[in-house]
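J.: Dropping the structure in here first, questions after.
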Amino acid sequence: MSNSIADAFKKLNVSPDSTPSEHQKIFRVSYEYLSKVKHFNDLKAFNNCLVALINIDKYQRAYDVIRKVPANLIESSILEVCYVYYKLGKSEELIKLYESRNVNSEGLEIGLNHILAQTYYKIGSHEKALALYHDLIENNKYDNQLDLIINERAIISQLNFNSHGQNKSTHSIDQNLDNYDLLFNEALIELSNNNIPNCLHLLESAQKLCKLNTDWSPEDLLSELLPINITIAYVYDLLGDSSKSLEILQENDIDSINDSMLKLIIKNNIYSKSDNKKSIGLIERDLSFQENLHKLNQKLTKWQYQVILKNNIMLKFATGTLGKSQLNNKFIQKFLNDFPGDLFPLAYKIFINLDISFNDLHDSTKLKSIGRKLIKFINNQKQNDQQQQYVAVLLLVYLNFQIGSFDQSLCILEEFTTNSISQDKLIPGIVGTLINVYEKTHSTKKLTELLIKLANKFLETPVEVFSNDGDYYNTAKIIAFKALNQGHKEISSKLFQYLNSINQEDHLISSILSNSNIDLYPINELVSPMPISEILSVDLDTLIPSAAKSTKPIIKKVSKITKKKQKPKFGPNKIIKPQEELSLDDERWLPMKLRSYYKPTKKDKKKTGGQQGIVEHSATPVLSHATPTSSGSGGKKKKKKGKK
Numbered sequence: 001m002s003n004s005i006a007d008a009f010k011k012l013n014v015s016p017d018s019t020p021s022e023h024q025k026i027f028r029v030s031y032e033y034l035s036k037v038k039h040f041n042d043l044k045a046f047n048n049c050l051v052a053l054i055n056i057d058k059y060q061r062a063y064d065v066i067r068k069v070p071a072n073l074i075e076s077s078i079l080e081v082c083y084v085y086y087k088l089g090k091s092e093e094l095i096k097l098y099e100s101r102n103v104n105s106e107g108l109e110i111g112l113n114h115i116l117a118q119t120y121y122k123i124g125s126h127e128k129a130l131a132l133y134h135d136l137i138e139n140n141k142y143d144n145q146l147d148l149i150i151n152e153r154a155i156i157s158q159l160n161f162n163s164h165g166q167n168k169s170t171h172s173i174d175q176n177l178d179n180y181d182l183l184f185n186e187a188l189i190e191l192s193n194n195n196i197p198n199c200l201h202l203l204e205s206a207q208k209l210c211k212l213n214t215d216w217s218p219e220d221l222l223s224e225l226l227p228i229n230i231t232i233a234y235v236y237d238l239l240g241d242s243s244k245s246l247e248i249l250q251e252n253d254i255d256s257i258n259d260s261m262l263k264l265i266i267k268n269n270i271y272s273k274s275d276n277k278k279s280i281g282l283i284e285r286d287l288s289f290q291e292n293l294h295k296l297n298q299k300l301t302k303w304q305y306q307v308i309l310k311n312n313i314m315l316k317f318a319t320g321t322l323g324k325s326q327l328n329n330k331f332i333q334k335f336l337n338d339f340p341g342d343l344f345p346l347a348y349k350i351f352i353n354l355d356i357s358f359n360d361l362h363d364s365t366k367l368k369s370i371g372r373k374l375i376k377f378i379n380n381q382k383q384n385d386q387q388q389q390y391v392a393v394l395l396l397v398y399l400n401f402q403i404g405s406f407d408q409s410l411c412i413l414e415e416f417t418t419n420s421i422s423q424d425k426l427i428p429g430i431v432g433t434l435i436n437v438y439e440k441t442h443s444t445k446k447l448t449e450l451l452i453k454l455a456n457k458f459l460e461t462p463v464e465v466f467s468n469d470g471d472y473y474n475t476a477k478i479i480a481f482k483a484l485n486q487g488h489k490e491i492s493s494k495l496f497q498y499l500n501s502i503n504q505e506d507h508l509i510s511s512i513l514s515n516s517n518i519d520l521y522p523i524n525e526l527v528s529p530m531p532i533s534e535i536l537s538v539d540l541d542t543l544i545p546s547a548a549k550s551t552k553p554i555i556k557k558v559s560k561i562t563k564k565k566q567k568p569k570f571g572p573n574k575i576i577k578p579q580e581e582l583s584l585d586d587e588r589w590l591p592m593k594l595r596s597y598y599k600p601t602k603k604d605k606k607k608t609g610g611q612q613g614i615v616e617h618s619a620t621p622v623l624s625h626a627t628p629t630s631s632g633s634g635g636k637k638k639k640k641k642g643k644k
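Pasting the structure below:
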């Protein structure tokens, strides 16, 4: 049998132009030869297996084969193995293999650098990815220079989005204005630098260029246009034109989109923007986040995966299908490690543990009681679990904002802020929330005291802290501007100077210190192109959102009034005597006690002082008009005061 397997292996014709069925045959024969004849120790058979499986997109099967061969075969097929690791998201194994490489071929080294750069981009290590692409561009011998510059710009835009930097490419786009991919990525860089007008202009130019490819099939043209259209819709949403944004998204025929990732993004954005009448359960089934997260795991960037994962948890909570097992400690710890600073799952863990449902949060009559639950939870938490305390405090502030009163949360928030300021590095989320509460409640004195404390705190913070954390730097910058607006020019000026010494490329701070606008954007880029007459013609009432009525609708009901029938005075069997037999009492008009035949009861005798067996002298009362005298018992007696 082994001879026949070996003969079949020798007769294999491995070619890049092989069909999928031919690749399946190559794998079947090569694997049989590798496993049964060579006992997983033959380089050619191993390489054939990898190439065939890569061509038919069976990366997990390729990974299973890799695990069975010795290290020397992996080293000899390092490019194919790294590519399999990249497609499966095995970034740690890929980086470890790359660092232990022993490569003598320049072409092989370039290929490995491409795979590693794409891996760094996928996992969010944009600085390392950018450094690799800069090296590839400067030492380029074999690759298309324009493709390298396009990829470099994609990395720069993501680096700016996530680190709030102002990075730009050193390579001009002037010589390649006819390439829509380059214009699109340049637009993303402008968007990351918050230059919206330039971004929109570049996106529209890229869209026009892309539509010129009339020789493409409708499916291919749509797949190239969709990323541009989605970004244009996002830009209009940033400009406050949600209706225009939604209109652009709805222009696409979702059913005709073949790319699962683009289809999911468009559906997600449409549902987030439109006032859809579908039930939450139907929306959850339509989006199928759980299934798509598994299927698109290797296509989504780190930050796209984060957003979709959070939306999935939110929809499960809204439909009541989010359980404690889905928010276990292992899942939460991995989420916090992958996305530092995002405490999103802890909020839902608190809701689940306190038995607070989605409907409870949208019932205004239950917000106070939910607040009391959160206060009890905060007080019961141990000191070593501060993250859950912080999340619970922020949730409490959110509930109080819905109620319109911060009585429940203000004292707790102030206490947490004081503790945060006393630490080496304060928590911007807690401090910023208290500032917003003070501004909401017009607590000017407290706000001023807090801003001065924070400014002094940031002035004492080492430079390294700001250099390693862009968000912390931006927090200090915001505090400096707020202190300046409050009239504390001296302390804000000191903080601006300190921040300028850390980052001299911050044009906004430089303009404040130099009192000039040379480095700022021209005013025509900051002003809306809409004519003044059009702005003035807008009815203000249409811009004011209608307040939601918390009262339940009154349903009018027709109530029928029925009168109870009275029973007749005499029954039907009553015998009425004839008129002649009736004898009427002559004394019937007198009160009973004054009639001649009246016999008083024992109770009446005691009241009148009469004696048993003695008849009163007269049954007729003697009326007398007594006049008061000043002597005897008829005198005035002092009345006793009763209890009040």
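Heads up: the sequence shown at position 462 corresponds to 462 in full-length UniProt numbering, and the numbers run straight through without jumps.
In this text, a Cβ means the ideal position worked out from N, Cα and C, and glycines have one as well.
1. Quick check on this structure: which residue in Asp469, Ile502, Val431 and Glu460 has the alpha carbon closest to the alpha carbon of Leu451?
2. Going straight from the alpha carbon of Lys73 to that of Leu43, what length do you get?
3. Below 8 Å on the Cβ atoms is my contact criterion, and I expect Lys252 with Ile266 to pass it. Report the Cβ-Cβ distance as a whole number of Å.
4. Below 8 Å on the Cβ atoms is my guess for Leu88 versus Tyr121; work out the distance and round it to an integer in Å.
5. With DSSP collapsed to three states, give me the class of Arg285.
6. Could you tell me the distance, in whole angstroms, from the CA atom of Leu367 to the CA atom of Leu361?
7. For the alpha helix (DSSP H) that contains Val51, what are its first and last residues?
8. Can you grab the Cα-Cα spacing for the pair Tyr472 / Leu327, in whole Å?
9. Please say whether Ile78 and Leu112 have beta carbons closer to each other than 8 Å?
10. Out of Tyr234, Gln166 and Ser223, which has the shortest C-alpha to C-alpha gap to residue 652?
11. What does the alpha-carbon distance come out to for the pair Leu177 and Asn167?
12. Are three or more beta carbon pairs between the stretch 242-251 and the stretch 201-219 nearer than 8 Å?
13. Quick check on the burial criterion: 16 or more other C-beta atoms within 10 angstroms. Buried or exposed for Arg153?
14. State yes or no: is the C-beta of Val391 within less than 8 Å of the C-beta of Ile412?
15. Helix or strand or just coil, what does DSSP make of Leu536?
16. Under the three-state reduction of DSSP, which class applies to Trp303: helix, strand or coil?
17. Going by DSSP, what residue range makes up the alpha helix (DSSP H) through Leu88?
18. Within 8 Å, do at least three Cβ pairs link the stretch 502-510 to the stretch 460-474?
19. Our contact map puts Ile150 next to Asn185 with C-beta atoms below 8 Å; I'd like the distance itself, whole angstroms only.
20. Does DSSP classify Asp237 as helix, strand or coil?
21. Look at the alpha carbon of Lys263 and the alpha carbon of Leu296, and state the distance between them as a whole number of angstroms.
22. Would you report the Cα separation of Leu203 and Leu182, rounded to the nearest angstrom?
23. So is Ala206 buried or exposed if we call it buried at 16+ other beta carbons inside 10 Å?
24. Compare the beta carbon distance of Cys49 and Val65 with 8 Å and say whether it is the shorter of the two.
25. Could you check whether Leu246 and residue 651 sit closer than 8 Å to each other, using their CB atoms as the reference points?
26. One question on the structure: do Ala476 and Leu495 come within less than 8 Å of each other, judged by their Cβ atoms?
27. List in chain order: all unbroken alpha helix (DSSP H) runs of 4+ residues lying wholly within the stretch 435-485.
28. Cα-Cα, which of Ser76, Asp424 and Phe335 is closest to Asn104?
29. By DSSP, does Tyr142 sit in helix, in strand, or in coil?
30. Can you grab the Cα-Cα spacing for the pair Phe481 / Thr444, in whole Å?
31. For the alpha helix (DSSP H) containing Thr418, list its first residue and its last residue.
32. Sorry if obvious, but does the Cβ on Asp143 come closer than 7 Å to a heavy atom of the ligand PLP?
33. Could you check the C-alpha separation between His126 and Gln158 for me, to the nearest Å?
34. Looking only at C-alpha atoms, which of Asn160, Leu34, Ser511 and Gln306 sits nearest to Ile189?
35. Quick check on Pro340: buried or exposed, where buried means 16 or more other Cβ atoms within 10 Å of its Cβ?
36. Exposed or buried, which one is Asn229 when buried takes at least 16 other CB atoms within 10 Å?
T.: By the coordinates alone:
1. Val431
2. Rather than Lys, the amino acid found at residue 73 in this sequence is Leu. Spanning the two alpha carbons is a distance of roughly 6 Å.
3. With the sequence shown as reference, residue 252 is identified as Asn, and Lys is not the correct amino acid for it. About 6 Å separates the two Cβ atoms, so the contact holds.
4. Not a contact, Cβ separation roughly 16 Å.
5. helix
6. 7 Å
7. Leu43 to Asn55
8. 29 Å
9. yes
10. The chain is shown only over 1 to 644; residue 652 falls outside these bounds and no answer can be derived.
11. 21 Å
12. no
13. buried
14. no
15. helix
16. helix
17. Ile78 to Leu88
18. yes
19. 6 Å
20. helix
21. 11 Å
22. 10 Å
23. buried
24. yes
25. Within the shown structure, residues of the chain are numbered from 1 to 644, placing residue 651 beyond reach of any answer.
26. yes
27. 444-459, 463-468 and 470-485
28. Ser76
29. coil
30. 16 Å
31. Leu410 to Ser422
32. With respect to the ligand PLP, the structure offers nothing, as it holds no ligand at all.
33. 7 Å
34. Asn160
35. exposed
36. buried
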